[in-house]
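Residue numbers (my numbering): 77 to 178.
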Amino acid sequence: MGDTFHMNIEEASIPGALLAAKGLLRHVHLADSNRAVAGRGHTDFRPILRALLDIEYSGYLSFEVMAPSGDPMGIPAGAGPESFDADTKQAIEELKALEGRL
């Protein structure tokens with residue numbers, strides 16, 4: 077499994093690590109550099125999506141829908157299903173826009 081939040085910390089190149097994992101990946105978590113949804117940190121998802129296309133990845137992509145806060149899990153106080161739905165919608169729109177430019 078690839079996890080872009082952890083890869084941001086541990087890998088010299090997220091796309092390079094994904095290319096090296098060709099044939100081994102079954103699931104990828106997409107989270108921004110600050111563990112928030114795509115588009116709320118500084119991760120450039122364009123080369124990440126390009127790498128997944130290049131390796132013909134056909135497994136699952138999922139979002140870690142968290143936002144930075146004082147909470148150790150990154151979930152803001154009072155967050156509920158509506159908040160997670162809005163975060164997920166934003167992340168999907170962000171990545172669809174990037175996908176359209178690939």
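Even for Gly, the Cβ is constructed at its ideal location relative to N, Cα and C.
On the three-state DSSP scale, how would you describe Gly176?
Gly176: helix per DSSP, three-state reduction.
Go ahead and label Asp163 buried or exposed: buried means 16 or more other beta carbons lie within 10 angstroms of its beta carbon, across all protein chains shown.
Asp163 is buried by the Cβ-count criterion.
What did DSSP end up calling Asp108 once you bin it into helix, strand or coil?
Looking at Asp108 - three-state DSSP - the assignment turns out to be coil, as it is neither helix nor strand.
Rounding to the nearest angstrom, what Cα-Cα distance links Glu175 and Glu86 in this structure?
C-alpha separation (whole angstroms): 25 angstroms.
Give me the residue from Ala107, Asp108, Met77 with the minimum Cα distance to Asp93.
According to the sequence as given, residue 93 is Ala; it is not Asp. Measuring from the Cα of Ala93, the nearest candidate turns out to be Met77.
To which residues of the same chain is Asp120 closer than 6 angstroms at the C-beta, ignoring the five residues directly before and after it?
For Asp120, where only same-chain residues beyond five positions count, there are no Cβ hits under 6 angstroms.
Ignore the nearest five residues each way along the sequence and tell me which others in Leu178's own chain have a CB closer than 8 angstroms to its CB.
Answer for Leu178: Arg122, Leu125, Arg126, Leu129, listed in chain order.
Using the Cβ count rule (16 or more neighbours within 10 Å means buried), how would you classify Asp108?
The residue is buried, with at least 16 neighbouring Cβ atoms inside 10 Å.
Taking all protein chains shown into account, decide if Ala167 is buried (16 or more other Cβ within 10 angstroms of its Cβ) or exposed.
The residue in question, Ala167, is buried, as its Cβ has 16 or more Cβ neighbours within 10 Å.
Could you please give me the residues that DSSP links to Asp79 through a beta bridge?
DSSP output for Asp79 lists His105 as bridge partner(s).
How big is the Cα-Cα spacing for Arg111 and Lys98?
Cα to Cα, the separation comes out at about 24 angstroms.
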